[in-house]
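Novice: Dropping the structure in here first, questions after.
There are 4 protein chains.
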Amino acid sequence: MRFFSDNAAATHPKVIEAIAQANRLDTAYDGDEWSRRLDGAFSDLFGRDVRALWVTTGTVANCLALAALCPAYGAILCHKDAHIENDEAGAPGFFTAGAKLTLLDGEGAKIAPDAVSAACDRVRKDVHQVQPAAISITNATEYGLAYRAEEVAALGQAAKARGLGFHMDGARLANALASTGESLADVTWRAGLDALSFGFVKNGGLNAEALILFRTELADEIAIRRKRAGHLLSKGRYLAAQLLAMLDGDLWLDNARAANAVAQTLAQAAPERLVYPVQANEIFLKASADEAAHLRSQGFDFYDWAPGEIRLVTSWDQQGEAVERLAAAIAAL
Amino acid sequence: MRFFSDNAAATHPKVIEAIAQANRLDTAYDGDEWSRRLDGAFSDLFGRDVRALWVTTGTVANCLALAALCPAYGAILCHKDAHIENDEAGAPGFFTAGAKLTLLDGEGAKIAPDAVSAACDRVRKDVHQVQPAAISITNATEYGLAYRAEEVAALGQAAKARGLGFHMDGARLANALASTGESLADVTWRAGLDALSFGFVKNGGLNAEALILFRTELADEIAIRRKRAGHLLSKGRYLAAQLLAMLDGDLWLDNARAANAVAQTLAQAAPERLVYPVQANEIFLKASADEAAHLRSQGFDFYDWAPGEIRLVTSWDQQGEAVERLAAAIAAL
Amino acid sequence: MRFFSDNAAATHPKVIEAIAQANRLDTAYDGDEWSRRLDGAFSDLFGRDVRALWVTTGTVANCLALAALCPAYGAILCHKDAHIENDEAGAPGFFTAGAKLTLLDGEGAKIAPDAVSAACDRVRKDVHQVQPAAISITNATEYGLAYRAEEVAALGQAAKARGLGFHMDGARLANALASTGESLADVTWRAGLDALSFGFVKNGGLNAEALILFRTELADEIAIRRKRAGHLLSKGRYLAAQLLAMLDGDLWLDNARAANAVAQTLAQAAPERLVYPVQANEIFLKASADEAAHLRSQGFDFYDWAPGEIRLVTSWDQQGEAVERLAAAIAAL
Amino acid sequence: MRFFSDNAAATHPKVIEAIAQANRLDTAYDGDEWSRRLDGAFSDLFGRDVRALWVTTGTVANCLALAALCPAYGAILCHKDAHIENDEAGAPGFFTAGAKLTLLDGEGAKIAPDAVSAACDRVRKDVHQVQPAAISITNATEYGLAYRAEEVAALGQAAKARGLGFHMDGARLANALASTGESLADVTWRAGLDALSFGFVKNGGLNAEALILFRTELADEIAIRRKRAGHLLSKGRYLAAQLLAMLDGDLWLDNARAANAVAQTLAQAAPERLVYPVQANEIFLKASADEAAHLRSQGFDFYDWAPGEIRLVTSWDQQGEAVERLAAAIAAL
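Residue numbers (our numbering), protein chains in the order written: chain A, 981 to 1313; chain B, 981 to 1313; chain C, 981 to 1313; chain D, 981 to 1313.
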């Protein structure tokens, strides 16, 4: 069974069904009925006016937001293990036309206001050094930790104090919220976010992500950039329909809860092996190469994260006997 | 009834079905079973080795190819009415980091070898002027004309003689081929093409296009650029499955024939109004503003192309009574 | 004798002397005493507050201004024969990260408000087409015509009405003004310019040009872009000193008058051969290949502009007997 | 007296004189007699064929080289304190269209082959991570250390083994060589360098630096990029003449020796305060804020590098009594 990554998990049947139901002619691009409902649907969800654009990947969601928040000659502060730094092929450099990622340290891939301040203070205020323009955080982090609303708010205040844009890569935001039980509004716009990459693909979607703009005046520029990057699909209704299906009845939250529950089951099998607390759907375990091989020999697939460390990722569609077997196999190592 | 554009037409049921059937976990990105079959399936279709990458839009297919064929400091020769010049929000400039589009004239949005030669000869061979690096043509053209294989081959020879890359935007290549009856191989790689944006979305697909590389050594660089542009979807199998469904039993050709047949029905309704011969699925008609309004009042939707000129586009799913009614309405103007 | 281009003319002795006098240690970059005088000196010259930055070429002056006035996803309207289009190796594409040059027609490389309006009106207001963001004109034009203040003002009004930035490439502005006798203020900021590339190198300078910002709030961003483009020289005083020497006692205007006077002498030698009126220091003459060869055989060097057409450019340091001989040779053709 | 930076030092009189002597009309850009001598003069100096282009700043020399050695989707390995990372306003990102700087640690701003290997090994060979394409080192380093030829050669071998381009920022290469006494050839092309930014401005030049290409086939592309970046000055002879004057009679080496001798005098005044060995013309001293203030009160100017640390930079034109006074003042702290 595969615990390699949630990014290849199956699509929820309701999403497939929504696609099939959207299969009739409508206006092209994002002029169709489904796409035109997005702003409203997400505004309802967030409890305030937002602009919501569909895109097909988290990478483009992140980079469209960053290109709007940071000029080519600016810097984006992020954790040194951030997805935008390590796993997007330099896409932020492409979309911003060469902006710099300034890398911060922080336990569990979280960044703290102190690290932001220190990074900003190191930069001379002259034309020779690249001036910080934005902060980007990942929630849940690359190590599966969930930011609490108050942590995000502290960063939001730091951003505001220094005139920085503030973006969240929420590829697994659903999992983080399902874990903390906090409100979507509290951990996003009330905490000072300008833009959010709201992930659905890892959480049961097929290929639709949402880029949410709390600074709604950025949406028009970003819509141009989306087209210019080849990301304005001509039959946008099939993306919008996916997002609406995920919001319907809080399917996004149910799916995240399901994935998190599996993660907890696995975590509790060997709490002493955990590298980080499990606050979403990723489990980092200490495991020797032999132990990893032993698990694989029993049919389990996962990622060798680092020497002596493996990563398991759970998804909404994993449950039942296979999970129990893996938990037992971990406990038995 | 809507004759506005084929880019918003419904998706063929077999494509929807293929998506549903691909709904099981597999390797992420393009490591899945469907994606791994693409090179072979398209190589069979073209009768030679090709590399085939799925993408979600024609714009990104065009621009990834152009970025590989033209350096930032080069120029791409294209028709002044080309889609890459007029309808892609400057995407070629974004993907190439600033390359120039050099615009050529030519009847019906076709370009001829003479125009290429003249454009190249106008450029001094020094560092002050931007040197041509590639040619891009659209087939069928923006005015619905189909290039004959020998026309493409003549351009291919011009490209080769001057060391230029050669790309075809084939958003409606299926329609062109269904019209000329020529072979796919003859009008593409045998004519000297390096890269082809092979369109499926306008032709019954949902959101998968194919970028075909006859210079197969470009594929690895382009795969990097695809990721870097946020276009490497994590569940690529749903795109690959669409393409395979379109190739299966030559569905792509059947769909194009169906759309072309509708176009012919409409064209024959008022041959004296045709601005261009109808060689694919687009019909440009002379029609006064009053005439256009009269058609609209009967429930037909289309594009006001220019003063006194309207554009109708047909698609695979249009047939029967509505088409007959439109033909009659046109004839009756 | 060489009438090929003013861009290689000798440097005025006062400029060389100013460089020698600046040869003592001072603050690096633009913190030195000479550089700090520029804003004031140019503000005096223009009769209002301006910001003035030294740069080493007209290309970078033009492109820094355009990058500040036009986003990567915008278009710059210019004449099809503009220097930025034809002779800067695509530099505007590089500095703007891919903005588009939209090319306008116009007699003698001048553009008129009507052409601007037509170009803007052709663009649909959607995300598919590149929206105009700025106008750039060249004065004197590439064919040696001088814009009158009222012509520039009409363009300035068009720019304002449509929210476009407005830039002048003034590589030969001195010659234009020396010809029309109009005021520097009238033909620049009073006519609505946002930014001016004020040329000195063709006019007796060594390697210092001035970028003048009437929208002074752009200067800080442009100073960053200047550094980022490798154009912030560490010993800026040698550039600033050149500019101050050119302003001192209106040397810039004297030099331009001298070059223009030579041009008039040559123009009057064969008025019937003139392709354009001579309003600055460039003369375009009808001359067959044989006639051109005959002139060359007498020791005169110039540019073959087009079949049957030659270009002569005069400079501040040409006078006396050689000019008389050339005038006689032209008259004798 | 000013020990702030060598980048603002006076220009050597022979350089000023060379500029004055070049003050006659010649071909524009780099077609003049002086510019055409550069390839030969530098080939003689290096003892092999090289291509040599004048530029006006070290930043553009570095970035033109890096843009030729690293694609937009590649990474350049450099020290975390490298000038290209910290003091060029993100210019490498601009010139490469978004390439990444991967930052390495290393004592005294030197990088070692082990650090290169470790950085490369950390990168997965897939499309998600940015693949290393080039190494850039600074010699003398940002902390005034001189690379030995064998150290550079070891990096050159690492570069070759991994298919990486290899560039040296030699803003103070003259000082490094004057210190080690090694040969220019040994520490550059014999050690595997592809390109060298050869600094002259800090060493008595006015505003001419040389970009030296050992991979001579890169020169034509770089010449285009130089123009495209606005760096092709129209009167290039004044830059070429400076470089030729610096090479004449090894003035570049004499100047570096003079600057280094001053540095040694100061270093020997308080060897126990040295943060790094003094191997060029920079001295990093431990000094409290009070001590720094005390030195300043005696008329000496320098840079506060870090808490408890100051930087003094010497130049070719410093000598005699002021140096003695500063040495005494340091010794007396």
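Using N, Cα and C, we set each Cβ at its ideal position, and we do this for glycine too. If you're wondering where the values come from, they're calculated on a predicted model, not measured in any experiment.
(1) In terms of residues, what are the limits of the beta strand (DSSP E) holding F1280/B?
(2) Give the DSSP-derived three-state secondary structure of R1128/A in the structure shown.
(3) Among residues of its own chain, excluding the 5 on either side of Y1256/D, which ones have a beta-carbon nearer than 7 Å to its beta-carbon?
(4) Does any residue of chain A have a CB that is nearer than 8 Å to the CB of A1099/D?
(5) Taking 8 Å as the cut-off, decide whether the C-beta atoms of L1049/D and A1099/D are in contact.
(6) Are the CB atoms of I1290/D and A1312/D nearer to each other than 8 Å?
(7) Measure the alpha-carbon distance for R1217/C versus A990/D and round it to whole angstroms.
(8) Assuming L1132/B contacts A1171/B (C-beta within less than 8 Å), just tell me the rounded distance between them.
(9) With V1096/D as the anchor, note down where its alpha helix (DSSP H) starts and where it stops.
(10) I need the straight-line Cα distance from Q1137/C to V1110/C, nearest angstrom please.
(11) State yes or no: is the C-beta of G1210/B within less than 8 Å of the C-beta of T1118/A?
(12) Is there a Cβ of chain C sitting closer than 8 Å to that of F1074/B, yes or no?
(13) Check whether the Cβ atoms of A1156/A and A1120/A sit closer than 8 Å, and answer yes or no.
(14) Looking only at its chain, what residues have a beta carbon closer than 6 Å to the beta carbon of T1082/B, apart from the 5 residues adjacent to it on each side?
(15) For chain D, is any of its Cβ atoms less than 8 Å away from the one on D1200/C?
(16) To the nearest angstrom, how far is the alpha carbon of F1180/A from that of E1068/D?
(17) Hey, D1094/C and A1129/C: beta-carbon distance below 8 Å or not?
(18) So, is the C-beta of L1313/B closer than 8 Å to a C-beta in chain A?
(19) Could you tell me the alpha carbon to alpha carbon distance between A1308/C and A1249/C, rounded to whole angstroms?
(20) Over the uninterrupted beta strand (DSSP E) stretch that includes T1076/B, give me the two end residues.
(21) Near A1045/D, which residues of its chain fall below 7 Å by C-beta distance, leaving aside the five closest residues on each side in sequence?
(22) Rounded to the nearest angstrom, what separates A1241/D and T1036/D at their Cα positions?
(23) Hey, quick one: how far does the beta strand (DSSP E) through W1034/B stretch, first residue to last?
(24) Does R1031/C pass the burial test, meaning 16 or more other C-beta atoms within 10 Å, or should it be called exposed?
(25) Can you confirm whether the segment 1017-1024 of chain D touches the segment 1016-1033 of chain B when touching is taken to mean that 3 or more C-beta pairs between the two stretches lie within less than 8 Å?
(26) Taking all protein chains shown into account, decide if P1112/A is buried (16 or more other Cβ within 10 angstroms of its Cβ) or exposed.
(27) A1108/D touches chain A at which residues, Cβ-Cβ below 9 Å?
(28) Would the beta-carbon of W1014/C fall within 8 Å of that of A1188/C?
(29) Leaving out the 5 sequence neighbours to the left and right, which residues in its chain are closer than 6 Å to D1061/B when beta-carbon positions are compared?
(30) Under 8 Å, Cβ to Cβ, is there at least one residue of chain D near G1300/A?
(31) Spell out the partners DSSP gives G938/C in its beta bridges.
(32) Who are D1149/D's beta bridge partners in DSSP?
(33) Going along chain B in order, which residues have a C-beta closer than 7 Å to the C-beta of D1006/A?
(34) In chain order, what residues of the same chain have a beta carbon less than 8 Å from the beta carbon of A1199/B, not counting five sequence neighbours either side?
(35) How would you write the range of the beta strand (DSSP E) that A1236/B sits in, first residue to last?
(36) When the cut-off is 8 Å and only beta carbons count, does A1077/B lie next to chain C?
Specialist: Let's see:
(1) Position 300 of the second sequence, counted from the first residue, corresponds to residue 1280/B. First-last for F1280/B: undefined, no H or E at that position.
(2) Taking the first sequence and counting its residues from 1, one reaches residue 1128/A at position 148. Note: R1128/A maps to coil in three-state DSSP.
(3) Indexing the fourth sequence from 1 puts residue 1256/D at position 276. Closer than 7 Å at the Cβ level, and outside the excluded window around Y1256/D, lie G1088, Y1123, G1124, L1125 and F1264.
(4) Within the fourth sequence, residue 1099/D is the residue found at index 119, counting from 1. No, A1099/D lies away from the interface with chain A (no Cβ there is under 8 Å from its Cβ).
(5) Here residue 1049/D is taken as the residue at index 69 of the fourth sequence, counted from 1. Here residue 1099/D is taken as the residue at index 119 of the fourth sequence, counted from 1. No; because the gap between Cβ atoms is not below 8 Å, this pair is not in contact.
(6) Taking the fourth sequence and counting its residues from 1, one reaches residue 1290/D at position 310. Taking the fourth sequence and counting its residues from 1, one reaches residue 1312/D at position 332. No, they are not a contact pair.
(7) Within the third sequence, numbered from 1, the residue matching residue 1217/C stands at position 237. Within the fourth sequence, numbered from 1, the residue matching residue 990/D stands at position 10. Cα-Cα distance, rounded: 11 Å.
(8) Here residue 1132/B refers to the residue found at position 152 when the second sequence is read from its first residue. Here residue 1171/B refers to the residue found at position 191 when the second sequence is read from its first residue. In the sequence as displayed, the identity of residue 1132/B is Val instead of Leu. About 4 Å separates the two Cβ atoms, so the contact holds.
(9) The residue labelled residue 1096/D in the question sits at position 116 within the fourth sequence. Per DSSP, V1096/D belongs to the alpha helix (DSSP H) from P1093 to D1101.
(10) Against the third sequence, residue 1137/C aligns to sequence position 157. Against the third sequence, residue 1110/C aligns to sequence position 130. Distance between the alpha carbons of Q1137/C and V1110/C is about 22 Å.
(11) By one-based count along the second sequence, residue 1210/B stands at place 230. By one-based count along the first sequence, residue 1118/A stands at place 138. Cβ distance not < 8 Å, so G1210/B and T1118/A don't count as in contact.
(12) As a working mapping, residue 1074/B is identified with position 94 in the second sequence. True, the Cβ-Cβ gap to chain C drops below 8 Å.
(13) Residue 1156/A sits at position 176 when you count from the first residue of the first sequence. Residue 1120/A sits at position 140 when you count from the first residue of the first sequence. It is a contact, given that the beta carbons lie within the stated cut-off.
(14) On the second sequence, position 102 is the one that residue 1082/B refers to. So the list reads A1055, L1057 and A1099, once near-sequence residues are dropped.
(15) For the purposes of this step, residue 1200/C is identified with residue 220 of the third sequence, where counting begins at 1. Not closer than 8 Å to any Cβ of chain D, the Cβ of D1200/C fails to qualify, so no.
(16) As a working mapping, residue 1180/A is identified with position 200 in the first sequence. As a working mapping, residue 1068/D is identified with position 88 in the fourth sequence. If I take the Cα positions, the gap works out to 39 Å.
(17) As a first step, residue 1094/C is located in the third sequence; it is residue number 114 there, counting from the start. As a first step, residue 1129/C is located in the third sequence; it is residue number 149 there, counting from the start. Result no, Cβ atoms of D1094/C and A1129/C do not sit closer than 8 Å.
(18) Position 333 of the second sequence, counted from the start, is the residue given in the question as residue 1313/B. Not closer than 8 Å to any Cβ of chain A, the Cβ of L1313/B fails to qualify, so no.
(19) Against the third sequence, residue 1308/C aligns to sequence position 328. Against the third sequence, residue 1249/C aligns to sequence position 269. Looking at the two C-alpha atoms, the distance is approximately 7 Å.
(20) The sequence position of residue 1076/B within the second sequence is 96, counting from 1. Not the beta strand (DSSP E): T1076/B falls in the alpha helix (DSSP H), residues A1071 to T1076.
(21) One-based indexing of the fourth sequence puts residue 1045/D at position 65. For A1045/D, where only same-chain residues beyond five positions count, the Cβ hits under 7 Å are H1147, A1175, S1177 and L1191.
(22) In the fourth sequence, counting from the first residue as 1, residue 1241/D sits at position 261. In the fourth sequence, counting from the first residue as 1, residue 1036/D sits at position 56. So the alpha carbons of these two residues sit roughly 27 Å apart.
(23) The sequence position of residue 1034/B within the second sequence is 54, counting from 1. Element bounds for W1034/B: R1031 to V1035.
(24) Within the third sequence, numbered from 1, the residue matching residue 1031/C stands at position 51. Per the 10 Å Cβ criterion, buried.
(25) no
(26) Residue mapping note: residue 1112/A aligns to position 132 of the first sequence, counting from 1. Per the 10 Å Cβ criterion, buried.
(27) If you number the fourth sequence from 1, residue 1108/D lands on position 128. Here the sequence assigns His to residue 1108/D, which means Ala is not the residue at that position. What H1108/D touches in chain A: N1066, D1067, E1068 and A1069.
(28) Residue numbering aside, residue 1014/C sits at position 34 when the third sequence is read from its first letter. Residue numbering aside, residue 1188/C sits at position 208 when the third sequence is read from its first letter. Not a contact, by the Cβ cut-off of 8 Å.
(29) Your numbering for residue 1061/B matches position 81 in the second sequence. A1089 and E1122.
(30) Your numbering for residue 1300/A matches position 320 in the first sequence. Not closer than 8 Å to any Cβ of chain D, the Cβ of G1300/A fails to qualify, so no.
(31) In the structure as shown, chain C starts at 981 and stops at 1313, and residue 938/C therefore has no counterpart that could be examined.
(32) The residue labelled residue 1149/D in the question sits at position 169 within the fourth sequence. According to DSSP, D1149/D bridges with T1118/D and S1177/D.
(33) Translated into positions along the first sequence, residue 1006/A becomes position 26. The answer, in chain order, is A988.
(34) As a working mapping, residue 1199/B is identified with position 219 in the second sequence. Around A1199/B: R1031, L1033 and L1193.
(35) For this step, residue 1236/B is matched to residue 256 along the second sequence. Here A1236/B belongs to no beta strand (DSSP E); instead the alpha helix (DSSP H) covers L1231 to A1249.
(36) Looking up residue 1077/B in the second sequence gives position 97. Cβ-Cβ to chain C under 8 Å: yes for A1077/B.
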